[in-house]
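Going by this note's numbering, the sequence shown wraps up at 234, each residue one higher than the last.
Here is the structure we will look at, set down as structure tokens.
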Amino acid sequence: MAHVSSEIERRKDILATRIFRRTKTFVANELWPILDMIVKHHQEPIEKRKILSDLELKLLETIETEGSIRTDQLRKRLRLGAKENNSRFHRSLSNLESYALIIGAEDPHPETHMHANIWQSWDTRIGEGIDRVRLSYHEALAKLYEKTIDACVLAHEEQMRKWFRWSVDMEPAKEESLKNGRVMKAGPFIIAPRVLRS
Numbered sequence: 037m038a039h040v041s042s043e044i045e046r047r048k049d050i051l052a053t054r055i056f057r058r059t060k061t062f063v064a065n066e067l068w069p070i071l072d073m074i075v076k077h078h079q080e081p082i083e084k085r086k087i088l089s090d091l092e093l094k095l096l097e098t099i100e101t102e103g104s105i106r107t108d109q110l111r112k113r114l115r116l117g118a119k120e121n122n123s124r125f126h127r128s129l130s131n132l133e134s135y136a137l138i139i140g141a142e143d144p145h146p147e148t149h150m151h152a153n154i155w156q157s158w159d160t161r162i163g164e165g166i167d168r169v170r171l172s173y174h175e176a177l178a179k180l181y182e183k184t185i186d187a188c189v190l191a192h193e194e195q196m197r198k199w200f201r202w203s204v205d206m207e208p209a210k211e212e213s214l215k216n217g218r219v220m221k222a223g224p225f226i227i228a229p230r231v232l233r234s
């Protein structure tokens with residue numbers, strides 16, 4: 037399974053992120069324009085130092101400056117090689133991934149006994165290869181919400197609050213999607229409309 041996963045995350049049309057439940061999630065390129073609007077929305081609070089820790093900011097700045105950098109080189113650059121930095125370092129990388137600010141893919145040519153990701157910023161990874169859409173942040177959230185429900189088919193409404201880092205902002209998106217009939221509700225469940233049409 038690990039081999040298949042690393043093959044998928046190196047594809048040009050797939051991103052490996054942690055936006056969904058902070059677990060590895062593959063995002064197809066058709067969703068990149070939607071996600072791009074959400075990433076851009078978080079750039080202002082980042083610049084104002086509202087949502088990231090000092091370490092997360094340093095990691096992000098280093099990754100942006102380097103363009104591409106392997107995990108071990110990133111640790112070395114920031115002098116975080118000591119074991120006591122392990123959990124803080126990996127937690128910070130995971131947090132950046134959960135906002136889709138950085139994208140990691142396993143190094144296809146690792147040194148012996150070394151499994152390391154190569155990190156890029158969102159903008160470096162997607163480059164100019166996406167169609168920019170004119171969506172507001174809230175419209176982008178609604179689209180992402182609808183696509184997620186469509187992929188899940190059925191989800192318990194209470195569980196959905198744990199899906200995304202920006203879950204507070206998802207509540208109005210959910211209400212809008214319900215109102216427009218792009219998702220349906222049955223008891224405590226949110227359902228993709230295609231289920232009821234089949």
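Each residue gets a CB set at the ideal place from its N, CA and C atoms; glycine is no exception.
As assigned by DSSP and simplified to three states, the class of residue i
{"i": "Glu193", "result": "coil"}
{"i": "Phe125", "result": "helix"}
{"i": "Glu142", "result": "strand"}
{"i": "Asn153", "result": "strand"}
{"i": "Ala118", "result": "coil"}
{"i": "Ala52", "result": "strand"}
{"i": "Ala228", "result": "coil"}
{"i": "Arg168", "result": "coil"}
{"i": "Ala178", "result": "helix"}
{"i": "Arg58", "result": "coil"}
{"i": "Ile44", "result": "helix"}
{"i": "Ile87", "result": "coil"}
{"i": "Ala187", "result": "helix"}
Backbone CA spacing between residue i and residue j [nearest angstrom]
{"i": "Ser203", "j": "Val189", "result": "19 Å"}
{"i": "Gly217", "j": "Glu211", "result": "10 Å"}
{"i": "Arg106", "j": "Leu91", "result": "17 Å"}
{"i": "Ala152", "j": "Met220", "result": "42 Å"}
{"i": "Leu116", "j": "Leu214", "result": "46 Å"}
{"i": "Lys112", "j": "Pro144", "result": "20 Å"}
{"i": "Asp108", "j": "Phe62", "result": "23 Å"}
{"i": "Ile74", "j": "Lys86", "result": "16 Å"}
{"i": "Glu80", "j": "Glu45", "result": "28 Å"}
{"i": "Glu182", "j": "Trp155", "result": "29 Å"}
{"i": "Ile166", "j": "Arg124", "result": "33 Å"}
{"i": "Leu95", "j": "Asp186", "result": "34 Å"}
{"i": "Arg230", "j": "Ala118", "result": "52 Å"}
{"i": "Leu67", "j": "Leu93", "result": "26 Å"}
{"i": "Ala141", "j": "Leu232", "result": "38 Å"}
Host alpha helix (DSSP H) of residue i (start-end)
{"i": "Ile82", "result": "68 to 83"}
{"i": "Lys94", "result": "90 to 102"}
{"i": "Ile110", "result": "Before going further, note that residue 110 is Leu rather than Ile in the sequence given. From DSSP, the alpha helix (DSSP H) with Leu110 extends over 107 to 113."}
{"i": "Trp199", "result": "Careful: Trp199 lies outside any alpha helix (DSSP H) and carries neither H nor E."}
CB-CB length for residue i against residue j, believed under 8 Å
{"i": "Ala209", "j": "Leu171", "result": "So it is not a contact: roughly 11 Å between Cβ atoms."}
{"i": "Leu51", "j": "Arg161", "result": "7 Å"}
The beta strand (DSSP E) enclosing residue i, as first and last residue numbers
{"i": "His215", "result": "The residue asked about is misnamed: residue 215 is Lys in this sequence, not His. Premise fails: Lys215 lies in the alpha helix (DSSP H), 203 to 215, not in any beta strand (DSSP E)."}
{"i": "Lys221", "result": "220 to 222"}
Decide yes or no for the touch test of the stretch 216 to 229 against the stretch 93 to 102: beta carbon pairs closer than 8 Å, at least 3 of them.
no
Do the stretch 126 to 139 and the stretch 50 to 64 touch if we need at least three Cβ pairs shorter than 8 Å?
yes
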